[in-house]
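J.: Here the numbering used here is used: the first residue of the sequence shown is 1, the next is one more, and so on.
For each residue, glycine too, the CB sits at the ideal point set by N, CA and C.
The following block contains the structure, expressed as structure tokens.
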Amino acid sequence: MNTKEILDYDKGHVWHPYASMRNPIPPYVVDSASGVHLRLADGRELIDGMSSWWAVVHGYNNAVMNEAVKLQLEKMSHVMFGGFTHEPAVSLAKRLVEITPKRLDKVFFCDSGSVSVEVAMKMALQYWRARGLKSKSRFATARGGYHGDTWNAMSVCDPVNGMHGLFTGALAPQFFAPRPFTRFGGTWDDSDFSPMRELLYSHRDEIAAVIIEPIVQGAGGMWFYHPKYLSLLREACDEMGILLILDEIATGFGRAGEMFAENYAGVEADIMCLGKALTGGYMSFAATIASDDVACTISDGEPGLFMHGPTFMANPLACAAANASLDLILNGDTIAKVRRIQGKLEEGLNPLISRNSVSDVRVLGAIGVVQTKEPVDIKGVQERLVECGVWLRPFGHLIYTMPAYISSDSDIEKICAAIGEALD
Ligand SMILES: *Cc1c(COP(=O)(O)O)cnc(C)c1O
1 MNTKEILDYD
11 KGHVWHPYAS
21 MRNPIPPYVV
31 DSASGVHLRL
41 ADGRELIDGM
51 SSWWAVVHGY
61 NNAVMNEAVK
71 LQLEKMSHVM
81 FGGFTHEPAV
91 SLAKRLVEIT
101 PKRLDKVFFC
111 DSGSVSVEVA
121 MKMALQYWRA
131 RGLKSKSRFA
141 TARGGYHGDT
151 WNAMSVCDPV
161 NGMHGLFTGA
171 LAPQFFAPRP
181 FTRFGGTWDD
191 SDFSPMRELL
201 YSHRDEIAAV
211 IIEPIVQGAG
221 GMWFYHPKYL
231 SLLREACDEM
241 GILLILDEIA
251 TGFGRAGEMF
261 AENYAGVEAD
271 IMCLGKALTG
281 GYMSFAATIA
291 SDDVACTISD
301 GEPGLFMHGP
311 TFMANPLACA
321 AANASLDLIL
331 NGDTIAKVRR
341 IQGKLEEGLN
351 PLISRNSVSD
361 VRVLGAIGVV
371 QTKEPVDIKG
381 VQERLVECGV
391 WLRPFGHLIY
401 TMPAYISSDS
411 DIEKICAAIG
421 EALD
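Here it is as structure tokens:
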């Protein structure tokens with residue numbers, strides 16, 4: 001198909017994320033990608049400032065990743081996980097158990113981030129049922145969160161961004177505390193956590209778990225909150241008999257400047273969700289990791305099983321990609337790279353706070369955010385960014401970047417300069 005044919009058929013028949021099938025903003029046709037560069041069908045090259053939504057941390061067409069996937073492809077691309085196991089899965093589980101906080105040591109592999117959230121929520125329910133506490137079947141979270149688009153994941157997304165109004169009566173009603181307001185690096189204010197504490201206390205007999213993105217609220221508004229909130233949350237959950245699910249799908253593997261964002265608060269989850277960068281962005285894959293207590297309690301209760309098992313569970317190709325990605329992360333000074341990028345992002349973005357159109361600039365790890373006073377004209381801003389040779393996908397009042405860890409100083413400079421241009 002030529003570019004025009006692709007675009008015409010796409011427009012008529014292919015859904016895109018959060019898109020209308022009537023007059024959607026036309027997409028760009030991407031033909032290939034290498035390193036930090038996306039090559040469009042018309043020959044233009046763009047620096048990918050989005051890492052394809054947090055995922056492609058080692059860049060595209062990475063030689064080490066390619067080799068690992070090719071080797072696995074020639075052995076077996078897939079086999080069912082019911083009744084079988086294989087080296088790529090076990091080897092990956094071992095790496096994950098080793099690098100995640102100590103308490104987490106039972107790994108459930110699944111297909112995507114949203115599914116890993118469903119799995120985590122189901123684990124929490126089965127845990128309390130196994131302990132004979134059926135009334136603990138609801139979830140609490142903070143506003144401004146994002147946990148995926150499947151049904152139960154959606155029920156714990158921010159009710160406004162997640163358009164809960166549209167699904168009233170159909171979504172499970174959950175408990176929402178206000179968004180943590182003390183920013184990362186700001187002065188902690190004890191009143192920040194009080195509403196969450198009160199909510200948990202009043203409903204502790206109904207709440208199975210709190211689910212939250214540690215430190216970085218991503219798709220719900222790119223907000224970085226104070227680690228103290230997370231440590232108080234851990235304490236409150238322990239005190240009130242509530243499980244803590246930490247959704248590290250966006251922040252895992254160094255993105256926020258620590259291997260896991262929860263490390264900033266020194267807390268451990270009872271259940272942790274990983275996804276996005278897990279396979280270095282090579283394919284859809286995720287993991288839900290539970291504590292021994294969660295896994296064994298579920299297994300000791302009725303029916304003695306955890307009731308979940310996706311068709312593509314522990315897909316060997318995805319495991320091979322994840323193993324290669326983790327080797328690159330563990331042997332590659334990842335945290336130092338991310339902190340270098342943080343420095344460059346601060347240098348490039350902090351001065352933009354003086355622009356009239358800008359209300360806030362914040363940077364944490366390899367995440368840079370410019371918040372605007374007026375909603376961003378997405379189409380116009382994106383066109384300007386593309387003219388500058390940079391790919392970003394702004395939303396709401398946010399123009400933001402989370403570049404690949406292999407980005408050079410000059411790549412980051414170009415991304416920041418393009419944001420500056422687009423603000424004009
Ligand atoms: C992207 C994301 C998800 C959902 O993952 P998918 O792979 O898109 O299903 C869940 N939680 C967080 C924090 C995310 O950023």
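Would you kindly work out how many angstroms separate the C-alpha atoms of E67 and A366, rounded to a whole number?
T.: Residue mapping note: residue 67 aligns to position 67 of the sequence shown, counting from 1. Residue mapping note: residue 366 aligns to position 366 of the sequence shown, counting from 1. Distance between the alpha carbons of E67 and A366 is about 26 Å.
J.: Hey, A277 and F260: beta-carbon distance below 8 Å or not?
T.: Here residue 277 is taken as the residue at index 277 of the sequence shown, counted from 1. Here residue 260 is taken as the residue at index 260 of the sequence shown, counted from 1. Inclusion of A277 and F260 in the CB contact set at 8 Å is not warranted, their separation being larger than that value.
J.: Tell me the rounded alpha-carbon separation between A265 and A236.
T.: Counting from 1 along the sequence shown, the entry for residue 265 is found at position 265. Counting from 1 along the sequence shown, the entry for residue 236 is found at position 236. For A265 and A236, the distance between alpha carbons rounds to 14 Å.
J.: I'd like to confirm the pairing. Which residues does DSSP put opposite Q217 in its beta bridges?
T.: By 1-based counting over the sequence shown, the position of residue 217 is 217. Answer by DSSP bridge pairing, in chain order: W223.
J.: Let's see if you can read the secondary structure: which residues bound the beta strand (DSSP E) around H37?
T.: To locate residue 37, count along the sequence shown from 1; it is residue 37. Run containing H37: H37 to L40, per the beta strand (DSSP E) assignment.
J.: Are three or more beta carbon pairs between the stretch 325-335 and the stretch 347-362 nearer than 8 Å?
T.: no
J.: Grab the span of the alpha helix (DSSP H) containing C416 for me, first residue to last.
T.: The residue given as residue 416 occupies position 416 in the sequence shown. Secondary structure note for C416: its alpha helix (DSSP H) is the uninterrupted segment D409 to L423.
J.: Mind checking if S116 is an interface residue toward chain D, Cβ cutoff 8 Å exclusive?
T.: Among the protein chains of the structure shown there is no chain D, as only one such chain exists.
J.: Have a look at M21, V29 and P24 and flag the residue whose alpha-carbon is nearest the alpha-carbon of M1.
T.: Within the sequence shown, the letter at position 1 stands for residue 1. Ranking the options by Cα distance to M1, first place goes to V29.
J.: Would you call R245 buried or exposed, if buried means 16 or more other Cβ atoms sit within 10 Å of its Cβ?
T.: Position 245 of the sequence shown, counted from the start, is the residue given in the question as residue 245. In the sequence as displayed, the identity of residue 245 is Ile instead of Arg. Buried, because 16 or more other Cβ atoms sit within 10 Å of the Cβ of I245.
J.: Ligand 1 heavy atoms versus the CB of V117: any closer than 7 Å?
T.: Against the sequence shown, residue 117 aligns to sequence position 117. Because some heavy atom of ligand 1 lies under 7 Å away, the Cβ of V117 counts as near it: yes.
J.: Buried or exposed: which applies to T3, given that a residue is buried once 16 or more other Cβ atoms fall within 10 Å of its Cβ?
T.: Residue mapping note: residue 3 aligns to position 3 of the sequence shown, counting from 1. Classification for T3: exposed.
J.: How many angstroms separate the CA atom of S408 from the CA atom of F306?
T.: The sequence position of residue 408 within the sequence shown is 408, counting from 1. The sequence position of residue 306 within the sequence shown is 306, counting from 1. Answer to the nearest angstrom: the Cα atoms are 45 Å apart.
J.: In the DSSP assignment, what residue or residues form a beta bridge with G425?
T.: No statement about residue 425 is possible, as the shown extent of the chain runs from 1 to 424 and does not include it.
J.: If you draw a straight line from the C-alpha of S194 to the C-alpha of T182, how long is it?
T.: Within the sequence shown, residue 194 is the residue found at index 194, counting from 1. Within the sequence shown, residue 182 is the residue found at index 182, counting from 1. Cα to Cα, S194 sits roughly 12 Å from T182.
J.: Assign F253 to one of three DSSP states: helix, strand, or coil.
T.: To locate residue 253, count along the sequence shown from 1; it is residue 253. In the structure shown, F253 sits in coil (DSSP, three-state: anything other than H, G, I, E or B).
J.: Check whether the stretch 134-148 touches the stretch 168-178, taking contact to mean three or more Cβ pairs, one atom from each stretch, closer than 8 Å.
T.: yes
J.: Just reading off the beta strand (DSSP E) that E67 is part of, what are its end residues?
T.: Along the sequence shown, one-based indexing puts residue 67 at 67. Looking at the DSSP string, E67 is not in any beta strand (DSSP E); the run it does join, the alpha helix (DSSP H), is A63 to K75.
J.: Have a look at V117, A417 and R129 and flag the residue whose alpha-carbon is nearest the alpha-carbon of G304.
T.: Translated into the one-based positions of the sequence shown, residue 304 becomes position 304. Minimum Cα distance to G304 is reached at R129.
J.: Does ligand 3 have even one heavy atom less than 7 Å from the beta-carbon of E262?
T.: Ligands displayed in this structure: ligand 1; ligand 3 is not among them.
J.: Within the present structure, is the beta-carbon of E258 separated from the nearest heavy atom of ligand 1 by less than 7 Å?
T.: For the purposes of this step, residue 258 is taken as residue 258 along the sequence shown, with counting starting at 1. Result no, Cβ not under 7 Å from ligand 1.
J.: With three or more C-beta pairs closer than 8 Å as the rule, is the stretch 55-69 touching the stretch 391-407?
T.: Counting C-beta pairs closer than 8 Å gives three or more between the stretch 391-407 and the stretch 55-69, which meets the contact rule.
J.: What span of residues does the beta strand (DSSP E) with T207 cover, start to end?
T.: In the sequence shown, residue 207 corresponds to position 207, counting from 1. One point to set straight first is that residue 207 is Ile, not Thr, in the sequence displayed. I207 -> beta strand (DSSP E) spans I207 to I212.
J.: For D471, name the three-state secondary structure that DSSP assigns.
T.: Outside the displayed range of the chain (1 to 424) lies residue 471, so it cannot be described from this structure.
J.: Ligand 1 and H16: does the residue's C-beta get closer than 7 Å to at least one heavy atom of that ligand?
T.: As a working note, residue 16 is residue 16 in the sequence shown. It does not: the Cβ of H16 is nowhere closer than 7 Å to a heavy atom of ligand 1.
J.: Am I right that L398 and M222 are in contact with their C-beta atoms under 8 Å? What's the rounded C-beta distance?
T.: If you number the sequence shown from 1, residue 398 lands on position 398. If you number the sequence shown from 1, residue 222 lands on position 222. Indeed they touch by this definition, with Cβ atoms about 5 Å apart.
J.: Give me the DSSP bridge partner(s) of T288.
T.: If you number the sequence shown from 1, residue 288 lands on position 288. For T288, which the question treats as bridged, DSSP gives the partners F108 and C273.
J.: Does R255 pass the burial test, meaning 16 or more other C-beta atoms within 10 Å, or should it be called exposed?
T.: Here residue 255 refers to the residue found at position 255 of the sequence shown. It counts as buried.
J.: Quick one: Cα of D300 to Cα of S291, how far?
T.: Along the sequence shown, read from residue 1 onward, the residue named residue 300 stands at position 300. Along the sequence shown, read from residue 1 onward, the residue named residue 291 stands at position 291. Those two C-alpha atoms are separated by around 14 Å.
J.: Whole-angstrom Cβ separation of P310 and S77, contact assumed at under 8 Å?
T.: Within the sequence shown, the letter at position 310 stands for residue 310. Within the sequence shown, the letter at position 77 stands for residue 77. About 16 Å separates the beta carbons of P310 and S77, which is beyond the 8 Å limit, so they are not a contact pair.
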